[in-house]
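Counting from 1, position 13 in the sequence shown corresponds to residue 103 in our numbering; the numbering is continuous, with no gaps.
Below is one structure; the comments refer to it alone.
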Amino acid sequence: MERIRELFRLLSESFPPSPKFTETDVPDLSQKVLLVTGGSSGIGLELSRVLYHRGGRVIIAGRSEKSYNEAVSDIKANPPKGLNKFSKGSMEFLKIDLSDLTTIKPAAQDLLARVDRLDIAWYNAGVMIPPVGSKTKQGYELQWGTNVVAHFLLNRFLSPLQIKTAESAPTGTVRTIWVSSSAHHMGPKPYGINFDDINYEKTAQKPKPFLTYGQSKVGDVLLAYEYANIVSDKGIVSLSLNPGNLRSNLQRYIGNFVRAIISRLLLYPPRFGGLTELYAGFSPEPAATKGFAYVVPWGRIGILNKNVQTGLEKHDTAKKLWALLEKETDKYM
91 MERIRELFRL LSESFPPSPK FTETDVPDLS QKVLLVTGGS SGIGLELSRV
141 LYHRGGRVII AGRSEKSYNE AVSDIKANPP KGLNKFSKGS MEFLKIDLSD
191 LTTIKPAAQD LLARVDRLDI AWYNAGVMIP PVGSKTKQGY ELQWGTNVVA
241 HFLLNRFLSP LQIKTAESAP TGTVRTIWVS SSAHHMGPKP YGINFDDINY
291 EKTAQKPKPF LTYGQSKVGD VLLAYEYANI VSDKGIVSLS LNPGNLRSNL
341 QRYIGNFVRA IISRLLLYPP RFGGLTELYA GFSPEPAATK GFAYVVPWGR
391 IGILNKNVQT GLEKHDTAKK LWALLEKETD KYM
């Protein structure tokens, strides 16, 4: 019976109902400071588009200033439908390479020198199924190091500013959003993280590509969950989400023929993923949970994979991961 329920949850996330929270539901963002990692393409670009056209100060973090400048031109030239009448915000580039932990501290220091508040951080950037064996500069499996470790370290630097922002901001408006995926259902058994060998270095058999990707997306869920335990009483809402199955450059490592078939049959335009992230950022429903929430397409409160939930509730997997990453990232603080 549980497998049937799990199947229906996956189908619901893969073929969601029409969105109820759209661009025109986003409030006035003037005076708000908003960070989007990976905001120059895909879902992050669609998210940044709305934030700018609703008046926010949008910090777009990424590796390439050229890609940022192209995104800015696109965003300014193509406002979302229904937002033409509103005052525009501003956009700024923050140079960071999430595959190299030595770039995190300088980027964070740069940001903290520029802003005196941080209302919402979307840890949106990610890597999906690169060639097996791909590593970060520090030797982490590329998806784990980029999607999980780097965002954890960045959050260590930015958390005090968000806590300060929450002291004077309206209740429930300061949020940290760790972007996961439906792939969190595919993490390794039993509870989503292979703690004995996270980087799969002790096994001669290469892991399946979606196994390591799924593990990284479980990692994002666990960080959101534990961060909620740490800061919810300080006024910060910590969420994770599945933005949906979307056409984006995340699929760049999949073969062209397979990608074309998947895109035609199963994937949606990136705008819809942006709507999921907007719901997580601005809808009152996630804040009403008074703790962690998992958001699913195109803006609904969802249910985690049963095994991942069991690990959280009965085996403290989130606390274990948090402690592990604190120890591993201390040298980069």
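Don't be surprised by glycine CBs; every beta carbon is placed ideally from N, CA and C.
These numbers come from a predicted model, not from an experiment.
Using the beta-carbon count (16 or more within 10 Å), is E136 buried or exposed?
-> buried
Going by other Cβ atoms of all chains shown within 10 Å of its Cβ, with 16 needed for buried, is H405 buried or exposed?
-> exposed
Quick one: what does DSSP say Y290 is sitting in, helix, strand or coil?
-> coil
Going along the chain, which unbroken runs of the beta strand (DSSP E) with 3 or more residues stay wholly within the region 99-132?
-> 123-127
My understanding is that G309 touches W412, with C-beta atoms under 8 Å, so please give their C-beta distance in whole angstroms.
-> Between W412 and G309 the Cβ distance is about 10 Å, and since that is not below 8 Å, they are no contact.
Assign L357 to one of three DSSP states: helix, strand, or coil.
-> coil
If you drop the 5 nearest sequence neighbours on each side, which residues of the same chain put their C-beta closer than 6 Å to that of T419?
-> L243
Beta strand (DSSP E) segment containing R183, residue limits = This sequence places Phe at residue 183; Arg is not what is there. Start and end: 180-185.
Can you name, in chain order, every residue of its own chain whose Cβ lies under 6 Å from the Cβ of G465, other than the five neighbours on each side?
-> Any property of residue 465 remains undetermined from this structure, which presents the chain solely from 91 to 423.
From P117, P260, V148, K410, residue whose alpha carbon lies closest to that of D286 | K410
Sub-8 Å separation of A215 and G334 beta-carbons | no
Taking the alpha carbon of Y177 as the point to measure from, which residue in Q199, N168, E155, R144 has its own alpha carbon closest?
-> Per the sequence shown, residue 177 should be read as Ser rather than Tyr. When only C-alpha atoms are compared, the closest one is R144.
When DSSP labels each residue in this structure, what does R71 get in the three-state scheme?
-> Shown here, the chain extends from 91 to 423; a query on residue 71 therefore has no answer.
Classify Y213 as helix, strand or coil using the three-state DSSP reduction.
-> strand
Would you mind sorting T266 into buried or exposed? The rule is 16 or more other CB atoms within 10 Å of its CB.
-> buried
Could you tell me whether the Cβ atoms of D209 and A151 are closer together than 8 Å?
-> no
Boundaries (first-last residue) of the beta strand (DSSP E) holding V330 = The question names Val, but residue 330 is Ser in the sequence shown. Run containing S330: 326-331, per the beta strand (DSSP E) assignment.
In its own chain, which residues sit with a C-beta less than 7 Å from the C-beta of D200, not counting the 5 before and 5 after it?
-> L184
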